[in-house]
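Inspection log for the structure reproduced underneath, given as structure tokens.
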Amino acid sequence: MKAALISGGKDSMLALHKAIDSGIKIDLLITIISKNEFSYMFHRPNAELTSLQAEALGIRHIFGYTSGEKELELDDLERILVDNNVDLLVTGAIESRYQKDRIDSICKRHNIDSYAPLWHIDPLEELNELSDRFNVIITQVSAMGLDESFLGKRIDKLMINRLLEVHKKYKINLLFEGGEAESFVLDAPLFKKRIKIEKAHIEKRGDASIYKIDSAILESKD
Numbered sequence: 026m027k028a029a030l031i032s033g034g035k036d037s038m039l040a041l042h043k044a045i046d047s048g049i050k051i052d053l054l055i056t057i058i059s060k061n062e063f064s065y066m067f068h069r070p071n072a073e074l075t076s077l078q079a080e081a082l083g084i085r086h087i088f089g090y091t092s093g094e095k096e097l098e099l100d101d102l103e104r105i106l107v108d109n110n111v112d113l114l115v116t117g118a119i120e121s122r123y124q125k126d127r128i129d130s131i132c133k134r135h136n137i138d139s140y141a142p143l144w145h146i147d148p149l150e151e152l153n154e155l156s157d158r159f160n161v162i163i164t165q166v167s168a169m170g171l172d173e174s175f176l177g178k179r180i181d182k183l184m185i186n187r188l189l190e191v192h193k194k195y196k197i198n199l200l201f202e203g204g205e206a207e208s209f210v211l212d213a214p215l216f217k218k219r220i221k222i223e224k225a226h227i228e229k230r231g232d233a234s235i236y237k238i239d240s241a242i243l244e245s246k247d
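For the sequence shown, the numbering used here assigns the number 26 to the initial residue and increments by one for each residue that follows.
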């Protein structure tokens with residue numbers, strides 16, 4: 026079983042596309058829902074809506090659940106991989122050794138191939154590809170220089186310039202690897218339909234501001 030971890034965000038979706046483009050047939054999409062809003066391993070904002078992304082892709086999808094407790098949340102992921110006979114796992118890891126080392130360790134124990142096609146990708150290369158081929162919006166901000174005016178906005182050329190300005194001033198990671206922000210993919214090249222947001226609101230949780238999607242539907246791309 027060839028599987029991909031998807032969170033709803035830009036990195037996991039781009040990694041999935043690159044895996045498929047390389048000739049890998051993905052049989053299963055896995056989303057881990059954490060009770061901990063600030064999980065060390067799993068992206069949380071709007072993760073429930075990955076079911077719409079999976080439907081748009083036409084790939085089988087399952088949810089796994091975890092309390093989000095540090096280290097123990099890895100046991101929940103491991104159980105899902107074993108229960109579903111996964112032999113290859115695609116992830117959107119870019120720079121975080123914490124995440125990649127732990128996933129690689131699980132995969133090694135169970136003879137699962139671990140594939141991270143974005144590992145050490147140039148940040149501007151990824152952002153430009155997303156801008157050109159995907160519709161990605163920012164759904165959480167929690168860093169100096171990133172305020173609520175970024176929420177719900179598409180990562181396009183103008184947004185890339187804004188992020189570069191913030192990076193220059195505050196040294197944020199352009200791909201948000203330090204948890205500076207989160208994202209959600211509304212459309213991608215392999216989507217048969219795109220996601221349309223019907224209702225959303227902004228809420229505060231500690232130092233983070235979150236663009237919470239209350240309802241969304243799939244609509245034709247025609």
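Even for Gly, the Cβ is constructed at its ideal location relative to N, Cα and C.
From 26, 60, 35, residue whose alpha carbon lies closest to that of residue 181:
35
Residue 78 versus residue 116 - alpha carbon distance:
16 Å
Assign residue 227 to one of two classes, buried (16 or more other C-beta atoms within 10 Å of its C-beta) or exposed (fewer than that).
exposed
Beta-bridge pairing of residue 91 - partner residues as DSSP gives them
59
Just the Cα atoms here: how many angstroms apart are residue 59 and residue 189?
31 Å
C-beta contact flag for residue 195 and residue 231 at 7 Å
no
When DSSP builds the beta bridges, which residues end up paired with residue 31?
Looking at the DSSP assignment, residue 31 forms no beta bridge with any residue, so it has no partner.
Could you give the DSSP three-state label for residue 202: helix, strand or coil?
coil
Give a yes or no on contact between the region 145-153 and the region 204-224, applying the rule of three or more CB pairs nearer than 8 Å.
no
Assigned secondary structure, residue 36 (DSSP; H/G/I helix, E/B strand, else coil)
helix
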